[in-house]
Amino acid sequence: MSGQATTQQLVNQMRQDLQILSKRIQELEGELDEYSLTIATLESMDGERLCFRQMGDALIERKVGDVLPELQKVREGLVQLIRKMQMDYQTKEEEISKFAEKK
């Protein structure tokens, strides 16, 4: 009986880890949406126009033309990170299914 309880606890822990990963993916997707909206707004502006970018606790005054490539780079990094995390999610989901079937 104790073996089954331990197995069930392990499956539950794996599912909890999966939920945490899912929540993190959702948070990153929200962040990606914010970057995309900001980029779309800045793309319609003159590159010489001044804008403010928050860096930590400080607001830095920069030109749109300088900030836009940086934001696009961050957005691309987020896209890649989300894809990797989604693949990790699928892999872990398959592992849980296989593990649960064995027991």
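The sequence shown runs 121 to 223 under my numbering.
Here a beta-carbon is modelled for each residue, glycine too, at the ideal position from N, C-alpha and C.
Here the structure is a predicted model, which is why all the values come from computation and not from measurement.
When you compare only the Cα positions, how much space is there between residue i and residue j?
i, j, result
"R173", "V187", "8 angstroms"
"R144", "V199", "13 angstroms"
"M121", "K222", "Unreliable placement is indicated for M121, whose pLDDT of 45 sits below 50; the coordinate value is still reported in the next sentence. If I take the Cα positions, the gap works out to 16 angstroms."
"L179", "I202", "27 angstroms"
"S217", "E154", "34 angstroms"
"E168", "D177", "24 angstroms"
"V131", "L162", "47 angstroms"
Could you tell me which of the options sits nearest to residue i, measuring between CA atoms?
i, options, result
"L148", "E163, T127, G176, K204", "K204"
"T211", "T126, L130, Q128, D137", "D137"
"Y209", "M134, T126, Q128", "M134"
"S164", "G176, I145, D177, V184", "V184"
Taking 8 angstroms as the cut-off, decide whether the C-beta atoms of residue i and residue j are in contact.
i, j, result
"R195", "S156", "yes"
"L88", "I140", "Any property of residue 88 remains undetermined from this structure, which presents the chain solely from 121 to 223."
Taking the alpha helix (DSSP H) that residue i falls in, what are its first and last residues?
i, result
"M175", "No alpha helix (DSSP H) holds M175; the beta strand (DSSP E) holding it covers 170-175."
"G197", "184-222"
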